[in-house]
Every structure is written in C-alpha cells, then in structure tokens.
Amino acid sequence: MRDIPHRGGPVNPSAATLAARFPQGVLRHDVTWGDTTVYIRAESARAIITWLRDDAGERYDYLVDVTAVEHRDALRPLEMVWHLRSLPYRRFLRLKAELDPAGPLVVPSITAVYGSADWLEREVFDMFGIRFEGHPDLRRILMWESYAEGHPLRKDFPLRGRFSRAEQLSQSLAANPEARYSMEELSVADAFHELPEEMKRRILADRRTEGA
Amino acid sequence: MGLSVQPTRGGNVTTIDPPSQEGWVTTRLEFLVNWARANSLWPMPFGTACCAIEFMATAASRFDLARFGMERMSFSPRQADVLICAGRVPFKLAPVIRRIYQQMPQPKWVISMGACASTGGMFDNYAVVQGIDTIIPVDVYVPGCPPRPEALMHGIMMLQKKVMAERSTSKQYEEITIDPTSKLYIPPSRIDELAEPFGNSIHQTRSAP
Amino acid sequence: MATTRRTMEVALSTPTLGPRGAVRQAPLAVGPKGEVLPPDLPLGEEPELGGDHMLINIGPQHPATHGVLRLVLELDGETVVRCIPHVGYLHCGFEKIGEYRQYNQIIPWTDREDYLNSMGNNISFALGAERLFGVEITPRCTVLRVIAMELSRIISHLVWLGTTAIDIGAFTPFLWTFQERETVYNLWEAWVGARLTTSATRIGGMAADLPAGWTDGLRAFLRSLPKTLDESDRMLTRNGIWVGRTIGLGALNAAEALDAGLSGPLLRASGVAYDVRKDVPYLDYETYDFDVAVGTRGDVYDRYLVRMEEMRQSVRILEQALARLPDGPVNVDDPRLILPPKHKATSEMESMIHHFKLVMEGPRPPIGEVYVPTESPKGEKGYYMVSDGTSKPVRWRIRPPAFVNLSAIPRMVEGHLLSDVIAINASIDIVMGEIDR
Chain V
21 MRDIPHRGGP VNPSAATLAA RFPQGVLRHD VTWGDTTVYI RAESARAIIT WLRDDAGERY
81 DYLVDVTAVE HRDALRPLEM VWHLRSLPYR RFLRLKAELD PAGPLVVPSI TAVYGSADWL
141 EREVFDMFGI RFEGHPDLRR ILMWESYAEG HPLRKDFPLR GRFSRAEQLS QSLAANPEAR
201 YSMEELSVAD AFHELPEEMK RRILADRRTE GA
Chain X
645 MGLSVQPTRG GNVTTIDPPS QEGWVTTRLE FLVNWARANS LWPMPFGTAC CAIEFMATAA
705 SRFDLARFGM ERMSFSPRQA DVLICAGRVP FKLAPVIRRI YQQMPQPKWV ISMGACASTG
765 GMFDNYAVVQ GIDTIIPVDV YVPGCPPRPE ALMHGIMMLQ KKVMAERSTS KQYEEITIDP
825 TSKLYIPPSR IDELAEPFGN SIHQTRSAP
Chain G
259 MATTRRTMEV ALSTPTLGPR GAVRQAPLAV GPKGEVLPPD LPLGEEPELG GDHMLINIGP
319 QHPATHGVLR LVLELDGETV VRCIPHVGYL HCGFEKIGEY RQYNQIIPWT DREDYLNSMG
379 NNISFALGAE RLFGVEITPR CTVLRVIAME LSRIISHLVW LGTTAIDIGA FTPFLWTFQE
439 RETVYNLWEA WVGARLTTSA TRIGGMAADL PAGWTDGLRA FLRSLPKTLD ESDRMLTRNG
499 IWVGRTIGLG ALNAAEALDA GLSGPLLRAS GVAYDVRKDV PYLDYETYDF DVAVGTRGDV
559 YDRYLVRMEE MRQSVRILEQ ALARLPDGPV NVDDPRLILP PKHKATSEME SMIHHFKLVM
619 EGPRPPIGEV YVPTESPKGE KGYYMVSDGT SKPVRWRIRP PAFVNLSAIP RMVEGHLLSD
679 VIAINASIDI VMGEIDR
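Structure, rendered in structure tokens:
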C-alpha cells in the first residue's frame, strides 16, 4: 500500500528524541510496515509516557491502545504494547516492553497519564494476568471476578478453557455477578448493614481472596 | 362423547356420562385460551448481539411483528409470555438468563433465535454457553446467523402451533429430574467427550499451523 | 424520627483514594452514643434530611442499555452521585479465536463484533491484513470499499438515531430509520448475499463484484435517504422536548475528551477535529471532498448534530465515489492470495494446488505487525495484528472505540438525573459486541 516497505523506511522522529532523553529506559527501535516501534524497559514506562505526553516537541496527547502480545515460541518474551498518537504532529508510536513470561508480570500503570488507560489496563490484567502498579481499581473486567480458569489470552490457556463444559456451566451459574457488589459500591451506598448475613459473610470472606 | 342418545321402545333415552365430558365445553375453552395466547404472545427480547438487530428489524415496519400480536415488547419478564433469546450468551450472562426465565410467570415459552443461542454457534470457546438449552428449556430453535426475519417469523408460527396444541392435561410444567439409572442417561463427562471436535474440525482448536 | 447518616469504614485496597482515584473525604464526627453528629449549619437553614443513598442496578437486561451493559448507580434522590459500569456480559473470546483462524477465516468474526458496522469492520480488517501481507488492492476495489464503508456508517448512525430517539421517548424515527436500513440490506444482500453479517472482503479484494444494476439501487437510496434525514430533523432538531432533554447533558470539554480517549463523534462533538479519514487517510480518502462535523459543547445534543451531519457528508462521499467507480478487476491478481476461478481450479494443476493451499492452510504473511486505524461510526477502529509467518496470527487485537468511549460514562453522568443517564448512554452509541468482544 503506497509503497510502504516491510522493514526500514522513515523513522518517527520521537524514536531518536526518546533515546536521547532516556538512554537507560530505551533499548532499541525498528520500523515495520511504516510504524515505528520503540522497545523500552518496563519500569520506565510511566516516566517515558508522561514525558511523551507533556513535552512540547512530542505531544502524544492520545492513547490509542494498551495491550500485550504473547508469542507462540515460548522462548520469546511477553510484550507489553502501548500505542500512542500525537494529534498535533500527526505521529503514531508503538512502545513495547518485554517481560519474562515465566517471571512476575508487573508493569507501571499509566492511568495517571491517560484516563482511558483505566479500562484498557484492566482488560490486559484480565486476559494476560499482567499487574499494573498504581492502578486504582485493578480487577477483572470481561470475565467475572471469581473466574477460576486463568487468563484466557495466554498461550497455555486452551481455546475451550481448562474445565469441562459442564463444570464451566456450573461455575458460571454459581458466580452470579449481580449478587456481588464490590466493597467500593457497598461502602458508600451504606447498604452493607441491610444485606443478609450470609451475603455479608461471603463478601467479607471474598475480600481476603480477591485480587488487588 | 359425553352425551349419548339411545333409541328405546318408549322413546329416546338420553344419558350423560360425566367422566368422558372432557368433550365439548373444555375443548372449546382450551381452544379459546390457546388461541388468545398464541395470538398475543408478548415477547421478552433477551437480545444480546447481532440477532437482536434482526429481531428489531422483524419488529420494524417491513416485517412487522404487530400482525402476530407481538409488538408489545415486555422488557420486564414478569409480564412476558415468550423469551426470545436473540444472540450469543456468554458464561457471565448465564445466571442472568436463568434468573430472567425463572421470573417469568407461566405459561411461558422460549425461542432460541440464531445459531449462537441454539448451540453456541461459531463461538466454540471458553467464553460462550454452548446453547441456552443447557440453562433453560427451549421450545423453538431458529437457526441462522443471523436468521432472516422471515425465518424468525417461521419460528414464531411454529411456536403458535405448539401453543395451539397444548392441552390442560398435557404435562408441561413438571420438574425434570435426572434418573441416573435410566438407559437414556449419559454422564456429563461422556457428553463432553462426544462434544469434542472431530474430523476437520480438530483444526479449529489448534493454533499451530 | 431521627435520620442518621452512618458511614462504614471499609479497608479498600487504596485507602486514601476512592474509586477512580478521587481523594476520599474524612468521616463525619461521631457523638458519645456512636451517632454521627450533623455538621454545624448557619442559622436559618434546616439541616439536610440526608437519607441514605440508593444503589440502583440497571441491566444487564434492560431495554435502554443498548445491549448487555450493567450500570450500578448510586443515587441521591434522582441525582446520580456515582456510576460504576460493568461490562463483559457479551465477552465471547474473539481475540483468542483469532489466533486459531486463518486471516480470511477471521473476516466473519469481524462482522459479529461491531454488528452494526459489519462492512466497515470487514474493510478495516482487510486494510490491516493487506498491509501485513504487503499487498496493494486494485483501484476498483478501493472505490468499492469506500462505498461500502460510507454506507455502513450511514446504517450504523441510522440505528443510533432510531434507538436514541426511543430512549428519549420518540418512537417514530425508529420505524423510519429501520425502513431506510431495509433498502441498504437489500443492496448488501444483492452484493454479498447477507443482510447483516456481510463478510464481504477477502485479503486482496472483495468476496464478489457488484451485480448489474446495483449502482442504480444505490442512487435510489441516495435520493431517498436525505428525505428521511430531513423528516427526522424536522421532528427532533428544534423540538422543545428533544432539546430540553439533550442540551447540556454529559458534556466533556476537549481536554477531558482527549484524556478519556474518546474518538469518533464523541470527540468531535467536544471540539477536537480528529477524523481518521482526514488525519491518517486510507482508501484515497484525501482525494474526496467532504467536511468533518465538529461540535462545541460536547453534550448529547452536539453529538446528535454531529452524527446527523456525518450521515449527510457520507451521502456526499458516496456520490463522488459512484462518479469515479472505475472498471477493472476487484481482486488482485495474486494466486497466492486469491482463490482461482472454479473452472481453472478443477482443470489446471497449478490452480488446484493454489486452491488447496489457500483453503487448507491459508495465505501466509511475512513476519511483522501492523496497526491500521480507520474511522468507524463509533470512533477510531483498528486491528493490531502480529504475524509469525504462519497463516494464523499470533495476536489479533481489536482496538475497540466503544469500549474506550464507554469507560468515560462515569464522568459524564455524575451530577445528572436518572433519566439523563439513559440519554447519555444512548449518545455514546455503544455496541456491546465490540466492547466485550
């Protein structure tokens, strides 16, 4: 399309300025099908993305997407991907951080930088199990909160799930998401004292086992 | 029939046999009730995905559900006759559809609209219920992805025939109890084995080329 | 009867922050008997009879949530104090299944996720996949795809118009808009065989070329649609009830909208003139003459005006596309991508081998990754695809505009009334199939 080469081609100028500004945080970059990808260290993600949003020469004011990629080859790292767009300068940048798929999957959260990262990071947590440090409310968003089969988009998660169909059905019927209000919802609505005893006990018990 | 007239020497003797009187009056009453029900089935559109759009198109002016008496959509299950499950039902939604079905007063029927509601459709994965008949009893299945409005109307007319064929003596509302000793019983693990993909379909669950 | 306000201290995981990062207030003072003391108020004012806040659950089954969305609202009377949306009730594992399907087999999946814009999704995906393959489509295919995308935009906005009108109380536009959609459904059916789930593109081209007389049908539609739009316009745009129910609702200014990651008509109604067709052009959109509607206030009324104007601009684009539709092949001439015609596949060895490989294994792109954004009726839509050289993607990511748009609903509805929640939700134009995937 429009003679966009597979590899090589014009590089997004942000790659060079990033490498100059964060020499430890930025590892390398490459250009694939016209998009520049900058590989960064996971721990410097928030600093880099904040700078990209605030710097007058970069102005990446729009977070397009937050996602992750796990490769079929188990030796390749799990990649955390951020897509950023600069509307004033009309640029698109892909940031990637490589994580060890067998190690702890922790990445700084960028909800303080972009409000849209809230739900996007929750989805990455739900689907991949990557935890975001500093996220105000990290819990599952697409699957129900007590979903026990794991994180669906990991490559070791089979397509049809880990449990049998019968077991999946009985677990989902028992899960009943509407019967559980999160503690945040109940506390401010002050409805906790009106709940039946059994539900109060269950909610308090869940607090110890729920993630985040 | 309940009434029989026998000619005898002194005239006709008319005898009435009450036990066999499930004849004239009750059949007329049943017919009336069934006719009223069939022609004013108030649907509860449990619309989730693309089939819901086709359901809306069926209710709109070109295909018009109002001629079936079904234009009054009841979004409260308490006032609905037929639950039309239009769209795929993931496991997270399973308890919801069961509760909605339980909230409907009898008589109630269920139309499973589309391939996803009937069998899980193209979504043979971790997230989707493989047919709502694993959760609630279904009366009519309408295949299609999505079914055309004409197909849905055909399904509705099948349901109307089923409603017309109901008799007060027909056992419809009994609890289904599973009898493990029955010859028809298949344990769930065996069902899972039978439900595994086979033949060419095994490629559909393999990610590696 | 004394009304007391009790607060229960709960150990939240982030005790200094409430949900969404707001700083929590200090609790009220407690009296000797454990009752909460009312705050000191100046003379002459009665203390507020603070009842407890109500927790209302809307959905997931509810007529006004446009799919299976669950909103938990904390109400102070009729006013929404807080809104917590719950999604995932239509999560069907699209992205997981994308890793188990060949690229052409993924196309029917793109129909089903944003099912109101199925042609547009087919084309978005094909554009991304074609860049991943390094394929350039034919001129005829380019113009056909513009036609399909704009028609898809129109029918998606027509559904939005009909359902939003119903939510706010006007039933008739629903019937008008669905009648117009039937015309387009007939066009789709004549072209690709399906009304709603079109699966119309293939990598390198389209499933089929236009049948004879199709462009006349499209011209007839382009004559009738503006009349329907005018009818709806006359009924709604200067209608006191409509304006009263939509003005000032759910307004976000440009900075808030950008931070919330909004895109599409929501972002443009807030004043940010970002339209992917103008800013990151694809399919030769830079050569078409059309305007982008941009609002000022960012409220529900502006979003309504923006979408109405978008439909009229789409009509403009369609007329230009019809005028320039060239003849020629629809599919690229690449036997490794496009199935050979049947008569060749059954008679020539080479074609039979290509057919076999394409059906059994599927076309294989080089190793790489792409993200090609397009402008869907909901916002910036793109498919991020990662290839490892095999015929099935390693990762198929759908960038869901409605998901990000919906995540901004808490800040849009807080402070509004309960019935406004319905109107604001309708104005976001959500499709749960895309949000939950």
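Residue numbers (our numbering), protein chains in the order written: chain V, 21 to 232; chain X, 645 to 853; chain G, 259 to 695. From the three backbone atoms N, C-alpha and C, an ideal C-beta is built for every residue, glycine too.
query	result
Against chain V: residues of the stretch 593-626 of chain G by CB proximity under 8 angstroms	624, 626
Boundaries (first-last residue) of the beta strand (DSSP E) holding residue 521 (chain G)	Where residue 521 (chain G) is concerned, there is no enclosing beta strand (DSSP E), given that its DSSP letter is neither H nor E.
Cβ-based contacts, 7 angstroms cut-off: residues of the stretch 173-184 of chain V near chain X	179, 180, 181, 184
Residues near residue 137 (chain V) by beta carbon distance below 8 angstroms, same chain, minus five either side	83, 86, 129, 130, 131
Extent of the continuous alpha helix (DSSP H) to which residue 760 (chain X) belongs	759-763
Residue 24 (chain V) beta carbon less than 8 angstroms from that of residue 208 (chain G)	With chain G represented from 259 up to 695, any question about residue 208 (chain G) goes unanswered, as that position is not in the structure.
Minimum length 3: unbroken beta strand (DSSP E) runs contained in the stretch 720-780 of chain X	726-730, 753-757
Residues sharing a beta bridge with residue 687 (chain X), DSSP	X:726
Residue 771 (chain X) vs residue 189 (chain V) beta-carbon contact at 8 angstroms	no
Cutoff 8 angstroms: residue 442 (chain G) Cβ touching any chain B Cβ	As a matter of chain content, chain B is missing from the structure shown, whose protein chains are V, X and G.
Meets three-Cβ-pair contact criterion under 8 angstroms: the stretch 516-534 of chain G and the stretch 659-667 of chain G	yes
Spatial neighbours of residue 569 (chain G) in its chain, beta-carbon cut-off 7 angstroms, leaving aside the 5 residues before and after	412, 415, 487
C-alpha distance - residue 647 (chain G) paired with residue 89 (chain V), whole-angstrom precision	15 angstroms
Assumed close pair residue 150 (chain V), residue 173 (chain V) - CB separation to whole angstroms, cut-off 8 angstroms	10 angstroms between Cβ atoms; not a contact.
Length of the line joining the Cα atoms of residue 704 (chain X) and residue 722 (chain X)	24 angstroms
Enclosing alpha helix (DSSP H) for residue 651 (chain G) [first to last residue]	Per DSSP, residue 651 (chain G) belongs to no alpha helix (DSSP H) and is neither H nor E.
Coil, strand or helix - residue 300 (chain G) by DSSP	Only weak support is given to the placement of residue 300 (chain G): the predicted model assigns it a pLDDT of 39, under 50, and the question is left unresolved by the model.
Interfacial residues, the stretch 149-175 of chain V to chain X, with Cβ spacing under 9 angstroms	162, 163, 164, 167, 169, 172, 175
Straight-line Cα distance separating residue 135 (chain V) from residue 156 (chain V)	11 angstroms
Nonlocal neighbours in the same chain, by C-beta distance under 7 angstroms from residue 560 (chain G), ignoring five residues either side	527, 553, 554
Neighbouring residues, chain V, relative to residue 662 (chain G) (Cβ below 8 angstroms)	136, 139, 140
Residues of the stretch 704-716 of chain X whose Cβ lies closer than 8 angstroms to any Cβ of chain G, in chain order	704, 705, 706
Proximal residues to residue 505 (chain G) (C-beta, below 7 angstroms), its chain only, five neighbours per side dropped	557, 559
Beta-carbon contacts of residue 466 (chain G) that lie in its chain and below 7 angstroms, excluding the five residues immediately before and after	449, 450
Three-state secondary structure (DSSP) of residue 102 (chain V)	strand
Stretch-stretch touch, CB-based, cutoff 8 angstroms, three pairs: the stretch 750-760 of chain X with the stretch 358-367 of chain G	no
Chain G contacts from the stretch 68-93 of chain V (Cβ-Cβ distance under 9 angstroms)	81, 82, 83, 84, 85, 87, 88, 89, 90, 91, 92, 93
Contact list for residue 24 (chain V) against chain G, beta-carbon separation under 9 angstroms	389, 392
Distance between residue 670 (chain G) and residue 272 (chain G) (C-alpha atoms, nearest Å)	With a pLDDT of only 46 at residue 272 (chain G), under 50, the local geometry of the prediction cannot be trusted, and the value read off the model is given with reservation. Each residue's alpha carbon lies about 24 angstroms from the other.
Pairwise C-alpha distance: residue 637 (chain G) and residue 407 (chain G)	13 angstroms
Whether residue 326 (chain G) touches residue 347 (chain G) by CB criterion (8 angstroms)	yes
Residue 35 (chain V) and residue 56 (chain V) closer than 8 angstroms at C-beta	yes
Residues near residue 617 (chain G) in its chain [Cβ-Cβ closer than 8 angstroms; skip 5 each side]	597
Alpha-carbon to alpha-carbon, residue 501 (chain G) and residue 261 (chain G)	Interpretation of residue 261 (chain G) is limited by its pLDDT of 36, a score under 50 that renders its predicted location unreliable; the figure taken from the coordinates is listed afterwards. Their Cα atoms are separated by approximately 39 angstroms.
Buried versus exposed, by CB contacts within 10 Å (16 or more), residue 474 (chain G)	exposed
Assigned exposure category for residue 492 (chain G) - 16 Cβ within 10 Å defines buried	exposed
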